[in-house]
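In my numbering, the protein residues as written are 29 to 111.
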Amino acid sequence: MAKQQSMNLIEFQRKFATEDSCQDHLFRKLKLFECKHCRYQATVTVGTVMEKTRTDLTKWFLAIYLVAHDKRGLSATLLSAEV
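In structure tokens:
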């Protein structure tokens, strides 16, 4: 598996600025969207923490970025204020 390159916050915000760019990224990671047997169709967020929430993917992606890049840990209170 190829190692992901680290990006700074500005690069991250440019790459994931829209819902479409976030969905495209998830689409490349998650290939299965329809059951071959029952034909059940699912969105790219099924099976993730983002499933069935009304929060935009851009906010989810930013929250994940902030948590992953904070070496000290990030409290839920601080995260909610940032995102």
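Built from N, CA and C at the ideal position, the CB exists for glycine as well. Predicted model only: the values in this text are computed from it and were never measured.
Query raised in the report: Are there three or more Cβ pairs, one per stretch, closer than 8 Å when the stretch 41 to 57 is compared with the stretch 75 to 91?
Result: Touching, per the Cβ criterion.
Report task. Please classify Val72: is it buried, with 16 or more other beta-carbons within 10 angstroms of its beta-carbon, or exposed? Result -> When all chains shown are included, Val72 counts as buried.
Requested in this report: Closer than 6 Å by C-beta to Leu85: which residues in its own chain qualify, once you throw out the five before and the five after it? Chain order, please.
Outcome: For Leu85, where only same-chain residues beyond five positions count, the Cβ hits under 6 Å are Glu47, Cys50.
Query raised in the report: On the three-state DSSP scale, how would you describe Glu47?
Result: DSSP places Glu47 in helix when its eight states are reduced to three.
Query raised in the report: Going by DSSP, which residues form a beta bridge with Gln69?
Result: Looking at the DSSP assignment, Gln69 forms a beta bridge with Glu62.
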